[in-house]
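Keeping their order, the protein sequence lines are chains A and B.
Mapping to our numbering: the first sequence position 219 is 222, numbers consecutive.
Mapping to our numbering: the second sequence position 188 is 191, numbers consecutive.
2 protein chains.
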Amino acid sequence: MGSEDRLTRKRPTIRDVAERAGVSKSLVSLVVNDSPRVSDKSRTAVLSAIDELGYRPSAAARGLVNQRSGLVGIVMSGSHDVFYAEILEGVASYLAENQLDTVPIILHGGHNRESESKAIDQCLELRTECVMLMGSALSDDSIDRIGREVPVVIVGRRMNSEAIDVVSCDDELGAELATKHLLDLGHRRIAHITGGNGNGASERETGYCRMMEQAGFKPTLIAGGYDMKYGTETGHRLLEGPGDIPTAVVAANDLVAIGLMDVLRKGGVRIPDDVSIVGYDDIVLAGLDSFDLTTISQSIHQMGETVARLVCQRALDSEQRPQTVLIDPALVVRSTTRVAS
Amino acid sequence: MGSEDRLTRKRPTIRDVAERAGVSKSLVSLVVNDSPRVSDKSRTAVLSAIDELGYRPSAAARGLVNQRSGLVGIVMSGSHDVFYAEILEGVASYLAENQLDTVPIILHGGHNRESESKAIDQCLELRTECVMLMGSALSDDSIDRIGREVPVVIVGRRMNSEAIDVVSCDDELGAELATKHLLDLGHRRIAHITGGNGNGASERETGYCRMMEQAGFKPTLIAGGYDMKYGTETGHRLLEGPGDIPTAVVAANDLVAIGLMDVLRKGGVRIPDDVSIVGYDDIVLAGLDSFDLTTISQSIHQMGETVARLVCQRALDSEQRPQTVLIDPALVVRSTTRVAS
DNA sequence: CTGTTAGCGCGTTCAT
DNA sequence: ATGAACGCGCTAACAG
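Shown next as structure tokens:
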């Protein structure tokens with residue numbers, strides 16, 4: 004006995020339980036599924052047999068006959084940052100609270116299309132009731148095609164498809180809010196560090212440009228990405244570069260803003276006195292006294308709830324029509340922005 | 004056709020493919036599994052039938068006959084912080100690189116024993132080849148019991164059991180390194196903010212105390228936890244409190260150190276001139292210029308690789324005996340520590 | 001060498 | 001309370 008059990012003895016099946024309890028397989032099944040049509044005597048006999056053998060029903064066997072896996076597949080692509088972790092928490096607690104006998108499982112989508120596709124294939128083979136894509140790198144077309152095989156909810160990215168649900172922040176609006184805030188403070192030379200081909204980056208860029216043009220000023224785009232290094236790089240370039248430093252910057256996200264601030268401050272630039280900076284995402288870090296960054300909040304919590312609701316609706320009710328939900332972002336004013344001097 | 008397909012038509016099975024290709028089920032199976040004993044003609048016929056129908060083998064059915072799920076279950080309990088994300092990345096890439104046809108899936112273990120147990124039960128029912136526990140809240144006993152049903156690897160926490168693998172950092176050694184560094188710099192009044200009942204916290208405390216006593220000084224413990232707020236709280240208490248502020252602090256982790264620094268600096272305390280601070284974990288944040296925190300690095304990467312290796316060994320080779328691997332931490336000296344004045 | 005038949009694995013359910 | 005049939009894919013044994 005002990006550890007070699009596992010090696011020699013295979014897992015007990017429903018047959019073993021039936022035999023040990025002196026009843027039929029069917030009865031064991033009824034007991035396991037809490038059927039009322041079982042005598043107390045049989046029930047206790049079966050339950051103790053289950054206990055003694057350490058029996059666990061096989062999800063595979065049950066799934067086969069039920070034609071239902073009870074799984075929800077979540078494919079996480081790109082970086083697993085805090086943002087996604089919070090959404091995940093939302094999904095898990097929603098499923099738990101609503102007593103849905105459905106288990107969310109996360110698969111690693113990796114950083115490229117190929118591994119993401121592989122992860123999605125796994126979901127399809129596992130027959131997950133629904134596939135949730137967090138930050139997909141696939142084309143709209145590919146995703147649309149998957150949406151015809153299984154309910155798909157995509158998070159954090161805009162998409163045009165009638166076949167799938169979309170939960171996303173209104174990044175365009177968010178960037179508009181950020182830019183408008185700076186314009187209202189009297190800034191005119193406002194630059195935007197772009198998010199490269201990150202999720203929602205082009206919308207943020209569009210929002211920024213629209214607002215600038217609407218106010219009659221020329222947009223200034225600085226190519227970047229969602230990594231902190233793009234902030235530090237930009238900082239160095241601004242310090243060393245020939246041109247004037249803009250009086251305000253709309254950063255692609257908080258990390259970029261923080262990297263930028265860090266370099267500028269070390270270079271003797273005062274923030275917000277010389278340069279105002281707005282971030283995006285309102286990550287925990289942004290609220291820290293050292294940064295106290297003005298930023299755009301995505302209401303991640305609301306997003307998590309929405310995703311969970313959609314996932315469940317689609318997974319459980321096949322009549323449900325796909326929908327697109329845009330979460331409204333909000334401006335959070337802290338101390339990295341002030342009136343233009 | 005289109006979206007209603009999914010609602011009306013069930014997924015095609017191996018039979019449907021066989022029928023459409025005009026061959027037997029067996030042959031389809033052979034094609035799907037790349038058997039060489041299939042003529043090119045049949046193979047192409049089958050493959051195109053698969054393509055036309057959008058056939059995907061059912062993991063449940065295959066698992067049932069193979070007696071093998073091809074899944075590795077990862078249960079994440081407590082907070083899903085960056086630390087775990089990196090380890091995860093390690094496991095996924097190890098599995099991919101080594102071409103193991105095994106899929107890691109993550110289940111949400113929640114924040115309490117009950118939900119963690121539920122997640123582990125799911126793994127058992129899914130017949131995962133192995134269960135990986137990230138930061139379990141269960142008792143040693145419970146975990147040991149699970150280790151008799153399925154190979155278990157536990158990460159980030161010490162355990163005494165012959166039945167399961169353990170990958171953990173040598174937190175005691177890490178705290179010793181941190182404390183010794185400060186002692187070497189001539190500090191004597193060195194306080195330690197503890198990590199409460201967080202994973203590894205008691206080992207860190209032990210290491211700190213041992214080093215202090217060995218040097219002939221009295222340990223000063225400040226009850227805390229792994230959250231940033233414990234750093235800020237401690238900061239306020241030190242500033243307002245009656246006693247002298249210690250000349251150096253070993254924080255439970257980087258977040259606590261950062262919270263502490265933030266408050267102390269705002270209160271006019273210079274770091275490292277007045278107080279030296281050492282963190283623990285070497286999170287990305289610690290390397291940022293704004294903090295540039297001296298800390299203990301856990302070599303998360305090495306940890307991820309080790310976990311992955313153990314998971315695979317145990318999952319694939321049942322002869323493998325469980326082992327305990329302690330990762331050596333390293334001191335990273337930055338600018339928050341200096342010689343005692 | 002290529003292809004088929006039959007039976008199995010595990011749990012559910014209907015008719016007995 | 002039970003026996004038999006079933007769901008889907010795999011494979012050993014067998015046939016052409």
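Where a beta carbon is used, it is the ideal one built from N, C-alpha and C, also for glycine.
All of these numbers come straight from a predicted model, not from anything done at the bench.
- One finds ASP124, LEU127, GLU128, ARG130, GLU152 in chain B with Cβ atoms closer than 9 Å to the Cβ of A/ARG59, taken in chain order.
- Excluding five sequence positions before and after B/ARG192, the CB atoms of its chain that fall closer than 6 Å to its own CB belong to PRO249, THR250, given in chain order.
- Chain order gives no chain A residues near B/ALA24, where near means a beta carbon separation below 9 Å; the closest approach is about 20 Å.
- Residue environment analysis places B/ASN200 among the exposed positions, since fewer than 16 neighbouring C-beta atoms fall within 10 angstroms of its C-beta.
- Here A/VAL253 is actually not in contact with A/TYR233; their C-beta atoms are around 13 Å apart, not less than 8 Å.
- Counting along the chain, no beta strand (DSSP E) covers A/VAL287, and no H or E run does either.
- For the pair B/ASP168 and B/ARG317, the CB atoms are nearer than the 8 Å cut-off.
- Judged by their CB atoms, B/SER344 and B/ASP295 are not nearer to each other than the 8 Å cut-off.
- Under the Cβ criterion (8 Å, minimum of three pairs), the stretch 235 to 245 of chain A does not count as touching the stretch 201 to 216 of chain A.
- Approximately 26 Å separates the beta-carbon atoms of B/CYS172 and B/ILE274; this is outside 8 Å, ruling out the contact.
- Taking 8 Å as the Cβ-Cβ cut-off, the stretch 100 to 114 of chain A approaches chain B at VAL106, PRO107, ILE108, ILE109, LEU110, HIS111, GLY113, given in chain order.
- The C-beta distance from B/VAL68 to B/VAL49 rounds to 19 Å, too long to meet the 8 Å contact threshold.
- Annotation: Cβ neighbours of A/LYS269 in chain B (cutoff 8 Å, chain order): ASP292.
- Within chain B, the C-beta atoms nearer than 8 Å to that of A/ALA95 come from HIS111, GLY113, in chain order.
- Contact of A/ALA140 with chain B by beta-carbon distance below 7 Å is absent, the smallest such distance being about 16 Å.
- Looking from the CA of B/GLU152, the closest CA among B/ALA122, B/ALA181, B/GLU132 belongs to B/GLU132.
- Listed along chain B are ALA62, ALA63, ALA64, GLY66, LEU67, SER72, LEU129, ARG130, each with a C-beta nearer than 8 Å to that of A/ALA63.
- When DSSP assignments are scanned along the stretch 17 to 60 of chain A, the uninterrupted stretches of alpha helix (DSSP H) that are 4 or more residues long and fall wholly within it turn out to be 17 to 24, 28 to 35, 43 to 56.
- Taken residue by residue, none of the stretch 233 to 260 of chain B has a beta-carbon sitting less than 7 Å from a beta-carbon on chain A.
- Note: B/VAL259 is not bridge-paired with any residue in the DSSP secondary-structure output.
- One finds LEU291, ASP292, SER293 in chain A with Cβ atoms closer than 9 Å to the Cβ of B/ASP265, taken in chain order.
- The Cβ neighbour count for A/VAL342, taken over all protein chains shown within 10 Å, is under 16; the residue is labelled exposed.
- Within a 10 Å sphere around the beta-carbon of B/ARG18 sit fewer than 16 other beta-carbons, which makes this residue exposed.
- Considering only B/GLU55, B/GLY81, B/GLY203, the residue with the shortest C-alpha distance to B/ARG23 is B/GLU55.
- For B/THR209, the enclosing alpha helix (DSSP H) starts and ends at 204 to 218.
- In its chain, beyond the 5 residues on either side, no residue has a beta carbon closer than 6 Å to the beta carbon of B/SER42.
- Between the C-alpha atoms of A/ALA204 and B/LEU186 there is a straight-line separation of about 49 Å.
- Per DSSP, the continuous alpha helix (DSSP H) segment holding B/THR237 begins and ends at 231 to 243.
- With contacts defined as CB atoms closer than 8 Å, B/GLY238 and B/ASP257 fail to qualify as a contacting pair.
- For A/PHE220, same chain residues with a beta-carbon under 6 Å away, outside a window of 5 residues either side, are ARG191 in chain order.
- The beta carbon of A/ARG14 sits closer than 6 Å to no other beta carbon from its chain once the five residues preceding and following it are set aside.
- When the alpha-carbon of B/SER80 is set against those of B/ARG71, B/ARG116, B/HIS195, the nearest one is in B/ARG116.
- In the DSSP annotation of this structure, the continuous segment of the alpha helix (DSSP H) that includes A/THR182 starts and ends at 174 to 187.
- In the three-state scheme derived from DSSP, where H, G and I count as helix and E and B as strand, B/ALA95 is classed as helix.
- Residue-level contact check: A/SER338 does not touch chain B, since none of the beta carbons of chain B fall below 8 Å from its beta carbon.
- For A/ILE149 and B/SER61, the gap between their C-alpha atoms comes out near 17 Å.
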